[in-house]
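Counted from 1, the sequence shown has number 7 at position 7 by my numbering; the numbering is strictly sequential. Cβ atoms here follow ideal geometry from the backbone N, Cα and C, with glycine treated the same way. Remember, it's a predicted structure, so these values are computed and weren't measured experimentally. Since the structure comes first, as structure tokens, the remarks are kept for the end.
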Amino acid sequence: AQKTFAEASTEYPVNPNVETSAILKAWGTFKKKDINLSKLGENKKRATQIFNDVGWK
């Protein structure tokens, strides 16, 4: 299932045992970035306000 999903969505598979699609292989190796997940929502309220102000849908 992971292989099918990764190929259909052109995403790197989460499972390291699943082969990466040919398209992604052509882009090079995946570069993992350490992200503090607790920081992701800090600007959500402001971002939503900006989207509303400019009429983005």
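Query: Distance between Ala22 and Leu40 (C-alpha atoms, nearest Å); Result: 31 Å
Query: Beta-carbon gap between Val18 and Lys3 smaller than 8 Å; Result: yes
Query: Sequence-distant residues of the same chain with beta carbon closer than 8 Å to Asn52, five excluded per side; Result: none
Query: Local conformation of Val14 per DSSP, three classes; Result: coil
Query: Assigned exposure category for Ala6 - 16 Cβ within 10 Å defines buried; Result: buried
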